[in-house]
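Colleague: In terms of the working numbering, the sequence shown opens at residue 828 and continues consecutively.
A virtual CB, placed ideally from N, CA and C, is assigned to each residue, including glycine.
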Amino acid sequence: NLDVCPKCGYHNRVSARRRLEIFLDQDTGEEIAADLVPTDPLKFKDSKKYKDRISQAQKSSGEKEALVAMRGQLQGMDLVALAFEFNFMGGSMGSVVGEKFVRGVNVCLEHCIPLVCFSASGGARMQESLFSLMQMAKTSAALGRMAERGIPYISVMTDPTMGGVSASFAMLGDVNVAEPNALIGFAGPRVIEQ
828 NLDVCPKCGY HNRVSARRRL EIFLDQDTGE EIAADLVPTD PLKFKDSKKY
878 KDRISQAQKS SGEKEALVAM RGQLQGMDLV ALAFEFNFMG GSMGSVVGEK
928 FVRGVNVCLE HCIPLVCFSA SGGARMQESL FSLMQMAKTS AALGRMAERG
978 IPYISVMTDP TMGGVSASFA MLGDVNVAEP NALIGFAGPR VIEQ
């Protein structure tokens, strides 16, 4: 049932790797930029050091970062598929997420193949400050290069797709699709209440 409730149609959250496993043809996925890991150039600390938050997120999610990028096939057609891991710091976009996204776009440009991105994010990663916000422009510019070449980009927004992710690449698809009842927007209910 692909993690969808057969009675009510509710789409349960799924991990990035599970989503790509469901989406791509079996045994066709090759990970892109698997070696990239986040660092802490600002030595950021709130109630906890950022490097400790990274380590905790890596242990709890099983991922190195909040985005998994793969080149694979869908019904025999080559493409690049990206999926957010919400269990990694709320799927927040930091500099490594932006770099992985752009490297995925570069594979699309090199081979003239489409891009599909499954977003599940709380937005920009506050612990990276401007490094994180810069990824909004970086990813959008990369998609601009795809648009110039006429290479399709399909954006699939899952629950939730918020903040800097929704304000950049998630809304820039040639085709934008959303899961039913997904929370999509810039500021979520908790932010508005504050």
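Of the residues Thr985, Ala974, Ser959, which one's Cα is nearest the Cα of Ser946?
Modeller: On the sequence shown, position 119 is the one that residue 946 refers to. When only C-alpha atoms are compared, the closest one is Thr985.
Colleague: Short of 8 Å in beta carbon distance, which residues of its chain neighbour Met989, apart from the five on each side in sequence? Order them along the chain.
Modeller: Position 162 of the sequence shown, counted from the first residue, corresponds to residue 989. Ser948, Gly949, Gly950, Leu1010, Ile1011, Gly1012, Phe1013, Ala1014, Gly1015.
Colleague: In this structure, what does DSSP give as the bridge partners for Leu894?
Modeller: Position 67 of the sequence shown, counting from 1, holds the residue named residue 894. Note: Leu894 sits in a beta bridge opposite Phe911.
Colleague: Run through DSSP, which three-state label would Ile881 get?
Modeller: If you number the sequence shown from 1, residue 881 lands on position 54. Of the three classes helix, strand and coil, the one that applies to Ile881 here is helix, per DSSP.
Colleague: Can you check which of these residues, Val841, Thr866, Cys835, Glu892, is closest to Glu955 by C-alpha distance?
Modeller: Counting from one through the sequence shown, the residue named residue 955 turns up at place 128. Closest option to Glu955, Cα to Cα, is Thr866.
Colleague: Go ahead and pull the three-state DSSP assignment for Ile1011.
Modeller: Taking the first residue of the sequence shown as position 1, residue 1011 is located at position 184. Of the three classes helix, strand and coil, the one that applies to Ile1011 here is strand, per DSSP.
Colleague: Please classify Glu1006: does DSSP put it in a helix, a strand, or coil?
Modeller: Taking the sequence shown and counting its residues from 1, one reaches residue 1006 at position 179. Three-state DSSP puts Glu1006 in coil, outside helix and strand.
Colleague: At which residues does the alpha helix (DSSP H) containing Met963 begin and terminate?
Modeller: Here residue 963 is taken as the residue at index 136 of the sequence shown, counted from 1. Start and end: 956–976.
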